[in-house]
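Below is one structure, written out as structure tokens; comments come after it.
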Amino acid sequence: MRLNNRYLLTLIIVLSFLLGGWDMPLHVNKLDVSKNITDDQEIKDLINSYFNFRYTVLSTLTIGDLSYLLSTSNEAQIFLDTEIGKLTIEVKNAEKNQLRYYSYDYSLDFDEIIYDEISQTATAIVIEGNQVIYEISHQASPTDPIVSSLSNLKHTIKLHKEQGEWKIVSDYYDDLLWRLIRETNSPIREIILSMEEPKIQTIEGYGIQASVACQLPPDTSSYQYNRIDAVEYALTYALTPNTPKYDNYDGEILGGDCTNFVSQAIHEGGGASMVYLSSVNQTCNEADNNGYGCVGTAGWYYTDPFHRAAAWNEVSFLHTFIVNEASFWPEGPEGCEVPQNQVELGDLIQYYKGSIWAHSVIIVDIVNGVPYVASHSPFFSNQPFTIIPDYTDVRFIHIERIDGNPPVTPTPTATLTPASTATFAPSPTITPIYATPLTFAGWNSGCTATPYISCSSEINATQTNPSRIDIEVTYNYGDNSTFFGSNFSVNLDFATNVYQTQVPIYWEMYPVINSVMPPQKIQVQFSGVEDLSSVSMPTGSWFIPAQPHPYDGFSFNFSRLTTGEEILSRTDKWHVTVATYDFINQPPYTPNPPIPTSTPFPTACTSDCFWEQCYSTSGNISKLASLSNAYSFIIGNFDRISDQAALLYRVRDEILGNSTEGQRYIDVYYQHSAEIASIMNSHPNIAEQGLDFIDSFTPNLQALLDGQGNTVVITNAQVQEAEAFLDAILPYASNALQQTIAIERLQQPLEQFIGVSMDEALEYVEDGVSATPTSTITPTLTATPTFTPSPTSTPASGLLFADSFESGNFSAWGWATTDGGDLSVSTQSSAVGTYGMQALLDDSAEILVYDHTPNNETHYSARFYFDPNDVQSPNDGFYLTALTSSGAGWVACLLFEPQGNDYYSLNLCGKNDAGNWLETEAVLIADEWQAIELEWKAATSSGANNGYFKLYIGDQLAASIENIDNDTHSITTTSLGVLDTPTGASGIMYFDEFESRTSGYIGLHPSAPAVNPAPSRPDALFSDNFEGNNLNAWNPTLTKIDFGDLFTSSGSAYQSDYGLEALIDDTVVLKAIDSSPADESQYRARFYFNPNSLTMNNNTAHYIFDGYDTDADDYLFRLELLHENGSYKLRPRIMKDNYATTNGSKYTISNAWHSIEIEWKKATAVGANNGYLSLWIDGTLVGTISNVDNDLWTLDFVQLGATASVDSTTSGSMLFDNFISKRYSYIGQ
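If you read the sequence shown in my numbering, its first letter stands for residue 129, the second for the next number, and so on.
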């Protein structure tokens, strides 16, 4: 078998590790079905070569050629593409987080090889294990680095014999990254594009560990979490599960054994007692759900595989139990979310991907502030927490204490004792034992005006063991009530337990019940901001359940704290009634929601309740206000809500929870549920509307649950009722809730469901596509909207909508978000007439207007006038407009980006029916008024593939994407303004004369300014001879100088006064970045370079010049400096569409000045494979990497210096001078 040059290089690197003492043992336990010894050995050698390739990639961060080990079948090609894509994700993550394999040792345990002689195929079952020292670990402790381990990773490798040689067809293995890719159905490219910046910026950045305080209420029954033993347990069982004591769930989709393992460590090592259903007098029916009726119940416990709580095994439920619910339970771990610098040993980390929290790990070490973790599914220990690359969020859970009293509660038998279910009891009518009406008047008496006005009155009473205390407060305005606002609070203190917290509540006064505290420590608070629009405030009343316990009495304290700016001669009055009740021999009154239970009982609070709302110690005080009102709503409507809640729980768990889009709806609801309940409680008419709507929809939901969803359709009356309810909520909703409602209405208009069966509606929702393209952030609204009814019919002559802003406002638009006036109508922004729209960029908030006039248009054009007006955005571009199709999100858009001082670029973008993102190369525009028009057309039918997007600038077609399969899309909404604003953008842009039609090209406005044609791209791009003795010409935001190690100096000059010097005294990258390239498809650069006797060990290398594409989030080309056998060498590298790279040859240079020039060009079309990278040294073309498939990517910026992979043994200075870049023509010496 002939080996190509790249494989020979890989083999040399691997051999060097072997000779260095890192062996790779192969263990063969059994060969159940063996054809012959020769085939066995050949297959094992082939598979070992395959793993050699994988480990070499992760140690060199270079992806070579794997195809020579693989079959020529289509199945093998698919595997090759996906495996290379996955390795690319891992390489990128390693580059970002210092996770290159510094050294490694892996083992392959061949469990069995099964042959099929007829088909000439074989299947090998291989168990992988390894020990790795990562680059980050070696740098932290070169003499004693942490060794990270992995075990029991099962590979099912399919092979085929072709022309007498065994080849690999596929490798199925279930590591976490593969599991996340499969579960979220994320394309590899999309994952790579969405990968965020490094989780570890620098090791030094995490030097000091902050103190932790979870703000948990006092609890004398709690005790310390045993962190050391929890870590010891985790390290003991990380690589080998503790079976049969605990079942091993490894291999189950999105769950596996990760949270089961973490719970074991907290319980077995940390000393936390389990919490059973019997703790709250509840039970489960073992016969339910095919024998799994006691799986996924409330509490936190594991008895056997058929008796376990959801919080024991499931990621989100464990978080909810520790962070939000622990105070409800008598035992178990309690804690809170904290920043990374506050975690401790034994704390937890959870990872979010797609729409779910998907993985749990436990912290077993912390080095330089970087947590190292242990995990199951996959089984690993002592891994840096950034080892998991494909996640969009991470949360750190600090366990502060264990509730209950040690020793740990013994594990009960599997059969759980049935008990009665907790229920609400009606309020008993009993004459109060103690009731005293009080009147406080004359607020100016006894008050001080400096610095604040503070007045208080107090009543003390003695009553042993009351079961309930009611307080009612009525406030009436007096005379002379000119003031600027004030806050009020009422605190109820039991004995000497005093807890006071100011809780501002806006619009009206409501009680707040801190039901999380034990009864003897309950506080009652009453707060509000006075509303000057009313002559009297409504009555506020509440009650507290108090379990019997001894105390001597209570004091009721009323105080008022003002801003110090109001008149003191007021005669406002408060009427306060305090009553206590003793319910001897009667059932206790329990107004709070029941303790969390398993479905069908109301489930655990925080993010898993429809009607009951929950208290979080980490929540802000405004949420507590909504929370109290939500309690009042629940209590007042419990009889009616209880039946609805049971149905809604089933819809949540059995229907919505089974799909990504359904889970998103659940999350959206829980985000705003407390506020919605609060609004309903405050406005009885709205509450009635909401409850009536659910009543009317109950038959539909029931039919869906019964499997009869095809027999019931959604009626126009039901949709109108839902719309009316949402309209009723909006005036009282927060900005966040208003924004959510608006976005959901845009993406899933309710009227589309009229006449649709429940099954069809569910399918439509479950198939919903994200509202934004892969490379954008979901548009959010940040200001109070203006609600304007959309036109109900389409005007004649194809005209849909037009606004020249001559009204002086946004009243013509269906929605406007202005970010406090940053989007406004002004005279200076006018292109025609008196007014136009201006967009002020002073933060990262989006500012835009929406037009809802389009009515599922299949042919749509929109034209507007636009002036960039010298706006700056040094870090990235943003979108000016987007066309939305209901259920599919953005289907066409326009990306805007500054390009140097004189020009800007526009990219036409959108997607097809399959959701594939499409984008043209950039078109340049000048910094002056432009007529911009987008024309969009859907394909006429499935398979016709004749849809298109077109961009006109002035009266010229500037760009187009044609022959598109987009027949399922239609335009329902247009947005205009600043979408997805990047950090650092500044300036004011102008818009005017928006017009849309259901037809083709609209054309220019007859009175608008003349529009110059789009300029052609000039040949010259950028130059700097460094004679200014500074780096001012380079991007100031992105350039990295490492405290002055990249600088201009006279000693680095080549035939001039100044040049650029890169002083290497550590491994921190040094790079001067030029952002002049604007989505370039061809690029040339020439600079002078001198190695300057740089000290480099033999066979070390680093990069000195790179070209980068922000969409690909990777390097399109790189120039590498190597040191081999006493000589300096240069080697070019180019990236292909699949992220694999091709290295060129190595070219020796002397230790002197050299002229270096590169030319990079992308392939002209899909399948053309005519991209290339050429290198000139001292004016001579020394080599070209040709026939490259790289048509997807364009160049956005370049970087010069010591740009990556600097070895710790390298030191000294490199010199650069006279940098020039062009688009097309040869530069020369």
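All C-beta atoms in this analysis are idealised placements derived from N, C-alpha and C, irrespective of residue type, glycine included. Please read all numbers here as calculations on a predicted model, not as lab measurements.
**Q.** Contact check, S810 vs I530, beta carbons under 8 Å
**A.** no
Q) With a CB to CB cut of under 6 Å and the five nearest residues on each side skipped, what residues in its chain are close to S1336? A) T1195
Q | Endpoints, the alpha helix (DSSP H) within which F389 is located | A | 386-392
Q.
Taking its Cβ as the centre, do 16 or more other Cβ atoms sit within 10 Å of F524, making it buried, or is it exposed?
A. buried
Q: Classify D659 as helix, strand or coil using the three-state DSSP reduction.
A: The pLDDT assigned to D659 is 31, lower than 50, so where the model puts this residue is not dependable, and the model offers no usable value.
Q: Decide if the region 494-513 is in contact with the region 384-393; the criterion is three or more beta carbon pairs, one per stretch, under 8 Å apart.
A: yes
Q) Is it right to say K373 is buried, meaning 16 or more other beta carbons lie within 10 angstroms of its own, or is it exposed? A) Residue environment analysis places K373 among the exposed positions, since fewer than 16 neighbouring C-beta atoms fall within 10 angstroms of its C-beta.
(Q) What does DSSP give as the partner residue(s) for E462 in the beta ladder? (A) Note: E462 sits in a beta bridge opposite R529.
Q: Pull up the distance between the alpha-carbon of V1326 and that of K1290, whole angstroms please.
A: For V1326 and K1290, the distance between alpha carbons rounds to 15 Å.
Q | Nearest-angstrom Cα separation, counted from L281 out to D237 | A | Take the alpha-carbon of D237 and the one of L281: they are about 10 Å apart.
(Q) I need the DSSP call for S1001, collapsed to helix, strand or coil. (A) Three-state result, S1001: coil.
Q | Proximal residues to L928 (C-beta, below 7 Å), its chain only, five neighbours per side dropped | A | Contacts found: T922, T981, P982, S1124, R1125, T1126.
Q) To which residues does DSSP link K1264 through a beta bridge? A) According to DSSP, which records beta bridges pairwise, K1264 is partnered with nothing at all.
Q | Euclidean distance between Cα positions of D375 and G818 | A | Their backbone Cα atoms lie some 45 Å apart in a straight line.
Q.
Taking 8 Å as the cut-off, does the region 1261-1272 touch the region 1235-1244 (at least 3 CB pairs, one atom from each stretch)?
A. yes
Q. For A1059, which three-state DSSP category applies?
A. strand
Q.
In this structure, how does DSSP classify T249 when only helix, strand and coil are distinguished?
A. Secondary structure of T249 (DSSP, three-state): strand.
Q: Can you check the region 1093-1181 for any beta strand (DSSP E) of at least 3 residues that lies completely inside it and give the ranges in chain order?
A: Contiguous beta strand (DSSP E) elements confined to the region 1093-1181 occur at 1101-1107, 1115-1125, 1148-1152, 1174-1177, taking only those with 3 or more residues.
**Q.** Which of helix, strand or coil DSSP assigns to I1348
**A.** strand
**Q.** Alpha carbon of V841 to alpha carbon of T826, nearest angstrom
**A.** Each residue's CA atom was taken as its position, placing V841 and T826 some 12 Å apart.
**Q.** Buried versus exposed call for S1088 [16 or more other C-beta atoms within 10 Å across all chains shown]
**A.** With fewer than 16 other Cβ atoms from the protein chains shown falling within 10 Å of its own Cβ, S1088 counts as exposed.
Q. If you check the beta carbons only, do L775 and Q830 fall under 8 Å apart?
A. yes
(Q) Can you tell me whether V1294 is buried or exposed? The criterion is at least 16 other CB atoms within 10 Å of its CB, across all chains shown. (A) Counting Cβ neighbours within 10 Å, V1294 comes out exposed, since fewer than 16 surround it.
Q) For the beta strand (DSSP E) that K289 lies in, which residues bound it at each end? A) 276-290
Q. Among the residues of its own chain, which have a CB less than 6 Å from the CB of T1276, if the five just before and after it don't count?
A. Contacts found: S1255, K1257.
Q. If you check the beta carbons only, do S298 and K289 fall under 8 Å apart?
A. no
Q) When DSSP labels each residue in this structure, what does P433 get in the three-state scheme? A) P433 falls in the coil class under three-state DSSP.
Q. Taking the alpha-carbon positions, what's the A850 to Q352 distance?
A. 50 Å
Q: Name the residue from T1269, G1356, F1233 whose alpha carbon lies nearest to the alpha carbon of G1329.
A: F1233
Q: Would you identify the three-state DSSP class for N510, choosing helix, strand or coil?
A: strand
Q) Hey, L189 and A222 are a contact pair by Cβ (cut 8 Å); roughly how many whole angstroms apart? A) 6 Å
Q.
Excluding the 5 residues flanking N1220 on each side, which residues of the same chain have their C-beta closer than 7 Å to its C-beta?
A. Excluding sequence neighbours, N1220 sits near G1340, S1341, M1342, L1343.
Q. Is the region 1081-1098 in contact with the region 938-952, if contact means three or more CB pairs nearer than 8 Å?
A. no
Q. Are the Cβ atoms of Q966 and S972 separated by less than 8 Å?
A. no
Q: Give me the Cα-Cα distance between A204 and I171, rounded to the nearest whole angstrom.
A: 16 Å
**Q.** Rounded distance between the beta-carbons of F992 and I1060, thought under 8 Å
**A.** Between F992 and I1060 the Cβ distance is about 6 Å, and since that is below 8 Å, they are a contact.
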